[in-house]
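Enquirer: Residue numbers (the numbering used here): 8 to 500.
Built from N, CA and C at the ideal position, the CB exists for glycine as well.
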Ligand code: ADP
Ligand code: GLC
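1) Starting from the C-beta of residue 268, find all residues in its chain whose C-beta is less than 6 Å away, skip the five residues before and the five after it, and write them out in chain order.
2) Can you say whether residue 154 is buried or exposed, counting buried as having 16 or more other CB atoms within 10 angstroms of its CB?
3) Does the region 463–478 touch the region 347–360, meaning 3 or more C-beta pairs lie closer than 8 Å?
4) Taking the C-alpha atoms as reference points, what is the distance between residue 281 and residue 294?
5) Taking only the alpha-carbon atoms, compute the straight-line gap between residue 185 and residue 194 and give it to the nearest angstrom.
6) Which class does residue 149 belong to by DSSP, given the choice of helix, strand or coil?
7) Can you list, in chain order, the residues of its chain whose CB lies under 6 Å from that of residue 69, leaving out five sequence neighbours each side?
8) Within this structure, are the beta carbons of residue 147 and residue 15 separated by less than 7 Å?
9) Figure out for me which residue from 265, 238, 178 and 305 has the closest Cα to the Cα of residue 252.
10) What residues come near the ligand GLC, if near means a beta carbon less than 7 Å from any of its heavy atoms?
11) Is the region 295–303 close to the region 429–449, with three or more CB pairs under 8 Å?
12) Report the three-state DSSP secondary structure of residue 423 (helix, strand or coil).
13) Rounded to the nearest angstrom, what separates residue 500 and residue 160 at their Cα positions?
14) Nearer than 6 Å: is that true of the beta carbon of residue 6 relative to any heavy atom of the ligand ADP?
15) Taking the C-alpha atoms as reference points, what is the distance between residue 472 and residue 265?
16) Find out if the Cβ-Cβ distance for the pair residue 7, residue 57 is shorter than 7 Å.
17) Can you tell me which of the three DSSP states residue 414 falls into?
18) To which residues does DSSP link residue 90 through a beta bridge?
19) Three-state secondary structure (DSSP) at residue 263?
20) Go ahead and pull the three-state DSSP assignment for residue 133.
21) Out of 248, 408, 231 and 356, state which residue places its alpha-carbon closest to the alpha-carbon of residue 260.
22) Closest by CA to residue 272, which one among 145, 257, 289 and 13?
23) Would residue 84 and residue 131 be called neighbours here (beta carbons separated by less than 7 Å)?
24) What does the alpha-carbon distance come out to for the pair residue 426 and residue 334?
25) For the region 334–343 against the region 357–372, are there 3 or more C-beta pairs whose distance is under 8 Å?
26) By Cβ distance below 8 Å, which residues in the same chain neighbour residue 138 in space, the five residues on each side in sequence not counted?
27) Between residue 36 and the rest of its own chain, which residues show a CB-CB distance below 7 Å, the 5 nearest in sequence each way excluded?
28) Going by C-alpha distance, which of 95, 156, 162 and 322 is nearest residue 393?
29) In whole angstroms, what is the alpha-carbon distance linking residue 198 and residue 81?
30) Pop quiz: residue 222 and residue 250 are said to be a contact at Cβ under 8 Å. What is the actual Cβ separation, rounded to whole angstroms?
31) Is residue 53 buried or exposed, if buried means 16 or more other CB atoms sit within 10 Å of its CB?
32) I'd like the span of the alpha helix (DSSP H) that includes residue 493, first residue to last.
33) What does the Cβ neighbour count give for residue 279, buried or exposed, with the cut at 16 atoms within 10 Å?
34) When DSSP labels each residue in this structure, what does residue 499 get in the three-state scheme?
35) Any heavy atom of the ligand ADP inside 6 Å of the beta-carbon of residue 19?
36) Does residue 106 come out as helix, strand or coil in the three-state DSSP assignment?
Structure representation (structure tokens):
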């Protein structure tokens, strides 16, 4: 028997450092690599976007005009490859679908052809696996963009020996994004008619891509144990709680980790000065630099500065933060917000900024560098999410000694130990309401004023570690439950 060259092939719409709009990219930038380091043979397949940073990892064309197995019409993709620290990353290139300014949407809304784009991505990725002889034991799809690959495989492996041995894992990073389209697009997907039913891809008469992945995957994972429990309830299930509950035996919550090569203040080249739990002084220099860079009131060096980084959407509770700005200002604190998203939140943020010059700063846009500067230069991190599958920003804020004030949902619950507790690394509150957030911020500010108490929380925060190795081992365990042949003994070349 010929050994398949890959144990696991990841299909993802984003991967740091090539493309990123949120935490999915961060996860794909480190989980596959950690699996490689643990001895698995892994590859990643992702779209070749127009707006892609290839940085120090040159991308080469490796297969031109790879036919994209649509049975009803001929088209092709060019396949590029990069070597990311020993991890092969394959890019599916087709300009008309991926060479755009944004990944999924513009300010006007989603791209009209998102379904066609990601049908194409899934079919092209699977054809590339076959045509290029990549081979795989497990195909591991991320979120709705890659979910159709799972459904195709469920049908193809019934009749085609090439796919027969492949097992599938579907990972849910955010259940609110499901990829819902019309029946016409189901027909275009090429899935057999038998998939169109309540236990398959149909969702209230629409074609639901994430549901397709959930229905047909051998195993389903999500990104924290608490979220895995939450999503089988109507409150968090976004309409898919029924099918998720029915598949509960195959559903696992594996907590994400943080990539401490990128997110550690003692080796972050972007920061004004390095610092760590044992040598925390540099944080003050970072705070001064933040005050100077953003033209904040210099008096804020003696008061806490609150930070918020994230997509400006209901999920993240940015509206809750903006609701309490007048009350926050009475506490004599500063506030720095970095994000982009809903136009109404952006407009509201900018008008609030005008009301509090030197005290509230809003940066609309996406800037990786600024996110590091804010994590390091602020004192308290705000994360009043209405739901949070895992959340990475709070893990980064913990690492940077900026204790989070966050809601008791999903991964926030699994990563933050709330004050008062000798192990406390932050502050948790129950309901995502302005009053809940304000009460919790008041508590945090009071503790901040007690330098000794704050130093303990800050130190606990900086020592809280969320290891990718631990999570990667849980994935390996899951893969092994699907494929006995997966072992750690082999090393990738
Ligand atoms: P989500 O994936 O739901 O957006 P996470 O907390 O898991 O939330 O991950 C968000 C990631 O995106 C983090 O790496 C965070 O630093 C980054 N991020 C979010 N918004 C911005 C922004 N405006 N500029 C820079 N980085 C951002
Ligand atoms: C999603 C979730 C976030 C999670 C990230 C990575 O975007 O909203 O909570 O951390 O995926 O898994």
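Expert: Taking the coordinates as given:
1) The count along the chain shown starts at 1 and reaches residue 268 at position 261. Apart from the 5 residues on each side of it in sequence, residue 268 has no Cβ closer than 6 Å to any other Cβ in its chain.
2) Within the chain shown, the letter at position 147 stands for residue 154. Label assigned to residue 154: buried.
3) Using a Cβ-Cβ distance cut-off of 8 Å, the region 347–360 and the region 463–478 are not in contact, since fewer than three pairs of beta carbons, one from each stretch, lie closer than that value.
4) As a working note, residue 281 is residue 274 in the chain shown. As a working note, residue 294 is residue 287 in the chain shown. Approximately 12 Å between the Cα atoms of the pair.
5) To locate residue 185, count along the chain shown from 1; it is residue 178. To locate residue 194, count along the chain shown from 1; it is residue 187. Each residue's Cα considered, the two are about 18 Å apart.
6) Along the chain shown, read from residue 1 onward, the residue named residue 149 stands at position 142. Per DSSP, reduced to three states, the secondary structure at residue 149 is strand.
7) For the purposes of this step, residue 69 is identified with residue 62 of the chain shown, where counting begins at 1. In its chain, beyond the 5 residues on either side, 86 and 88 have a beta carbon closer than 6 Å to the beta carbon of residue 69.
8) Start at 1 with the first residue of the chain shown, and residue 147 comes out as number 140. Start at 1 with the first residue of the chain shown, and residue 15 comes out as number 8. Yes.
9) Working through the chain shown from its first residue, we reach residue 252 at position 245. When only C-alpha atoms are compared, the closest one is 238.
10) This criterion selects 29, 30, 31, 33, 34, 180, 181, 230, 263, 322, 395, 396, 397, 398, 399, 417 and 418.
11) no
12) Against the chain shown, residue 423 aligns to sequence position 416. Coil at residue 423, not helix or strand.
13) To locate residue 500, count along the chain shown from 1; it is residue 493. To locate residue 160, count along the chain shown from 1; it is residue 153. With a pLDDT of 41 at residue 500, under the threshold of 50, the modelled position of that residue is not reliable, and no figure is offered here.
14) This structure gives no information on residue 6, because the portion of the chain shown stretches from 8 to 500.
15) Residue 472 sits at position 465 when you count from the first residue of the chain shown. Residue 265 sits at position 258 when you count from the first residue of the chain shown. Rounded to whole angstroms, residue 472 to residue 265 spans 8 Å at the Cα level.
16) Residue 7 falls outside the range modelled here, since the chain spans only 8 to 500, and no answer is possible.
17) Indexing the chain shown from 1 puts residue 414 at position 407. Residue 414 falls in the strand class under three-state DSSP.
18) Position 83 of the chain shown, counting from 1, holds the residue named residue 90. Beta-bridge pairing links residue 90 to 95.
19) Taking the first residue of the chain shown as 1, we reach residue 263 at position 256. Residue 263: coil per DSSP, three-state reduction.
20) Sequence index remark: in the chain shown, residue 133 carries index 126 (1-based). Judged by DSSP in its simplified three-state form, residue 133 adopts helix.
21) Numbered from its first residue, the chain shown carries residue 260 at position 253. Of 248, 408, 231 and 356, the residue nearest in Cα terms is 231.
22) On the chain shown, position 265 is the one that residue 272 refers to. Checked all of 145, 257, 289 and 13; the closest Cα to residue 272 is 289.
23) Numbered from its first residue, the chain shown carries residue 84 at position 77. Numbered from its first residue, the chain shown carries residue 131 at position 124. Cβ atoms of residue 84 and residue 131: closer than 7 Å.
24) The residue given as residue 426 occupies position 419 in the chain shown. The residue given as residue 334 occupies position 327 in the chain shown. Their Cα atoms are separated by approximately 22 Å.
25) Because the criterion of three Cβ pairs below 8 Å is met, the region 334–343 and the region 357–372 touch.
26) Here residue 138 refers to the residue found at position 131 of the chain shown. So the list reads 70, 73 and 74, once near-sequence residues are dropped.
27) In the chain shown, residue 36 corresponds to position 29, counting from 1. Correct list, in chain order: 22, 23, 24 and 266.
28) Translated into positions along the chain shown, residue 393 becomes position 386. Comparing Cα-Cα distances from residue 393 to each of 95, 156, 162 and 322, the minimum goes to 322.
29) If you number the chain shown from 1, residue 198 lands on position 191. If you number the chain shown from 1, residue 81 lands on position 74. Cα-Cα distance, rounded: 17 Å.
30) As a first step, residue 222 must be located in the chain shown, where it is residue number 215. As a first step, residue 250 must be located in the chain shown, where it is residue number 243. 6 Å between Cβ atoms; contact.
31) By one-based count along the chain shown, residue 53 stands at place 46. The residue in question, residue 53, is buried, as its Cβ has 16 or more Cβ neighbours within 10 Å.
32) Stepping through the chain shown from its first residue, residue 493 is reached at position 486. According to the DSSP assignment, residue 493 belongs to no alpha helix (DSSP H), since it is labelled neither H nor E.
33) Within the chain shown, the letter at position 272 stands for residue 279. The residue in question, residue 279, is buried, as its Cβ has 16 or more Cβ neighbours within 10 Å.
34) Translated into the one-based positions of the chain shown, residue 499 becomes position 492. Low confidence applies here, because residue 499 scores a pLDDT of 45, under 50, leaving its location unreliable; read the following figure in that light. Three-state result, residue 499: coil.
35) By 1-based counting over the chain shown, the position of residue 19 is 12. Flag unset: Cβ of residue 19 not near the ligand ADP.
36) Translated into the one-based positions of the chain shown, residue 106 becomes position 99. The answer is coil: DSSP assigns residue 106 none of H, G, I, E or B.
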